[in-house]
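Student: Numbering (the working numbering), first residue to last: 69 to 430. Below is one structure. I have some questions about it.
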Ligand code: APR
Ligand code: ZN
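Shown next, in the form of structure tokens:
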């Protein structure tokens, strides 16, 4: 099958013929119909986050079940599915409590080291990164990493549910617990940040301030429910937010992965506010914090991983909201591309102009 392989950090994506195994045990073979370009995959392709080339990235996927292993109980051939990088065993205390993003044994979803690798090239193993490896014609995933979805949801929209939506909307709804009437600021309006706006709107936030450097993104943010927008190029972002909210917001979300914007998120909080850090920072980066922000001003800072999602609960929930017209997914998709256009599309993402590019031709 055709797959976009990362052969070295910073070397981009090479579309090549590779081999994929038949499903074993609880594995499901999926014909990929749509695969979104999350910014995280660009980080993983450029820097060592513990996944090493040769590897196939891609973790925002939707497709159709093409085959099932003998122990699969949840899916049948022909089912429409969404995949996620959240790997959970389903048996540890965290999983049994519903906190699948805190699973103690995510490796339970992978093949054992003595089994043949899921992906290979001329007999040599190729890493199926995150257990999803979605930048390919087909993927082999443990059934815990898949969720069945109503076929009425188009594949491109469905793919975004697998990361951007559960992470962004989940950050507002699950992790921050935004309540009706609260004020919210979102810094960084890419595929994830726009979904934070959706989550804040669903949670009933009174004021949602979108912040980006790109005017097109600010326009887009309004389509997702931002009540106010601020361009970071126009001066002091913190002062602008304080002015709009009479002193600061109840919740600020940093959705880029930068030190300066993370500090802005903390600085723009009202007394007792919570900053939620979502963007991935470079390895070894640090942020200096003023303890008095936390004592006298009762601020809180939390890291958010995958929007504290439970994919089996949250993906069908967001899909139903989409089908009811209550969750905007369509405007997230800037362009549908072919797998051969992957490098060019990531160059576009770097410029900050596109929200989500989605591969729909393999
Ligand atoms: N101030 C404000 N906005 C900024 C700034 C800045 N200094 N720098 C970049 N941005 C904006 C870009 O213009 C873009 O709209 O941040 C947005 C980032 O969006 P994407 O590149 O689409 O990234 P996304 O896929 O949304 O992921 C955001 O979350 O999951 C993590 O790894 C992911 O760290 C990444 C972050
Ligand atoms: Zn992602």
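All C-beta atoms in this analysis are idealised placements derived from N, C-alpha and C, irrespective of residue type, glycine included. Just so you know, these numbers come straight off a predicted model, no measurement behind them.
Spell out a yes or no on whether the region 217-228 and the region 405-416 are touching, meaning 3 or more CB-CB pairs, one atom from each, closer than 8 Å.
Tutor: no
Student: Please state whether DSSP places residue 404 in a helix, a strand or coil.
Tutor: strand
Student: Could you check if residue 317 is buried or exposed, using at least 16 other CB atoms within 10 Å of its CB as the buried criterion?
Tutor: Result: buried.
Student: Would you kindly work out how many angstroms separate the C-alpha atoms of residue 292 and residue 242, rounded to a whole number?
Tutor: 19 Å
Student: Could you check if residue 157 belongs to the surroundings of the ligand ZN, using beta carbon to heavy atom distance under 8 Å?
Tutor: no
Student: So what does residue 343 bridge to, in DSSP terms?
Tutor: 320 and 369
Student: In the structure shown, what three-state DSSP assignment does residue 227 receive?
Tutor: helix
Student: Give me, in chain order, the residues of the same chain whose beta-carbon lies closer than 6 Å to that of residue 71; leave out the 5 immediate sequence neighbours on both sides.
Tutor: 86, 124 and 204
Student: Following a CB-centred definition, is residue 153 positioned closer than 8 Å to any heavy atom of the ligand ZN?
Tutor: yes
Student: Where does residue 411 land, buried or exposed, given buried means 16+ other C-beta within 10 angstroms?
Tutor: exposed
Student: Does the Cβ of residue 115 have 16 or more other Cβ atoms within 10 Å, making it buried, or fewer, making it exposed?
Tutor: In summary, residue 115 is exposed, with fewer than 16 beta-carbon neighbours lying within 10 Å of its beta-carbon over all protein chains present.
Student: In whole angstroms, give me the CA-to-CA distance for residue 368 and residue 310.
Tutor: 17 Å
Student: Nearer than 8 Å: is that true of the beta carbon of residue 41 relative to any heavy atom of the ligand APR?
Tutor: The structure shown does not extend to residue 41, since the chain is modelled only from 69 through 430, so no value can be given for it.
Student: Looking at residue 157: is its Cβ nearer than 9 Å to the Cβ of residue 134?
Tutor: In this structure, residue 157 keeps its C-beta atom at 9 Å or more from the C-beta atom of residue 134.
Student: Taking the continuous alpha helix (DSSP H) assigned at residue 263, which residues delimit it?
Tutor: 261-270
Student: Look at residue 302 and residue 289 and say whether their C-beta atoms are less than 9 Å apart.
Tutor: no
Student: I want to check one thing, is the minimum distance from the CB of residue 349 to the heavy atoms of the ligand ZN below 8 Å?
Tutor: no
Student: Suppose you measure from the CA of residue 100 to the CA of residue 91; what does that come to, to the nearest Å?
Tutor: 15 Å
Student: Could you give the first and the last residue of the continuous beta strand (DSSP E) run that contains residue 279?
Tutor: Run containing residue 279: 275-280, per the beta strand (DSSP E) assignment.
Student: CB of residue 360 to nearest heavy atom of the ligand APR: below 8 Å?
Tutor: no
Student: Taking residue 131 as part of the beta strand (DSSP E), name the residues at either end of that continuous run.
Tutor: 129-136
Student: Are the beta-carbon atoms belonging to residue 206 and residue 177 less than 9 Å from one another?
Tutor: Not in contact: residue 206 and residue 177 (Cβ atoms no closer than 9 Å).
Student: Whole angstroms is fine: what's the gap from residue 269's alpha carbon to residue 148's?
Tutor: 28 Å
Student: Residue 262 and residue 358 - do their beta-carbons sit closer together than 9 Å?
Tutor: no
Student: Rounded to whole angstroms, what is the Cα-Cα separation between residue 166 and residue 425?
Tutor: 31 Å
Student: Is the CB-CB distance between residue 225 and residue 427 below 9 Å?
Tutor: no
Student: Hey, would you say the C-beta of residue 115 is under 8 Å away from at least one heavy atom of the ligand APR?
Tutor: no
Student: Could you compute how far the alpha carbon of residue 232 sits from the alpha carbon of residue 376?
Tutor: Residue 232 and residue 376: Cα-Cα distance of roughly 13 Å.
Student: Quick one: measure Cβ to Cβ for residue 161 and residue 229, integer angstroms, because I've assumed they're closer than 8 Å.
Tutor: With a Cβ gap of about 27 Å, residue 161 and residue 229 do not count as contacting.
Student: Using the three-state DSSP reduction, which class does residue 330 fall into: helix, strand or coil?
Tutor: helix
Student: Three or more C-beta pairs under 8 Å: does that hold for the region 243-260 against the region 325-333?
Tutor: yes
Student: Round the Cβ separation of residue 476 and residue 421 to the nearest angstrom and send it over; I've been treating them as touching at under 8 Å.
Tutor: The structure shown does not extend to residue 476, since the chain spans only 69 to 430, so no value can be given for it.
Student: Taking the beta strand (DSSP E) that residue 74 falls in, what are its first and last residues?
Tutor: It spans 70-74 - the beta strand (DSSP E) in which residue 74 sits, taken as one unbroken run.
Student: Does residue 206 come out as helix, strand or coil in the three-state DSSP assignment?
Tutor: strand
Student: Threshold first: 4 residues or longer. Then list the alpha helix (DSSP H) segments lying entirely within the region 150-185, N to C.
Tutor: 161-164
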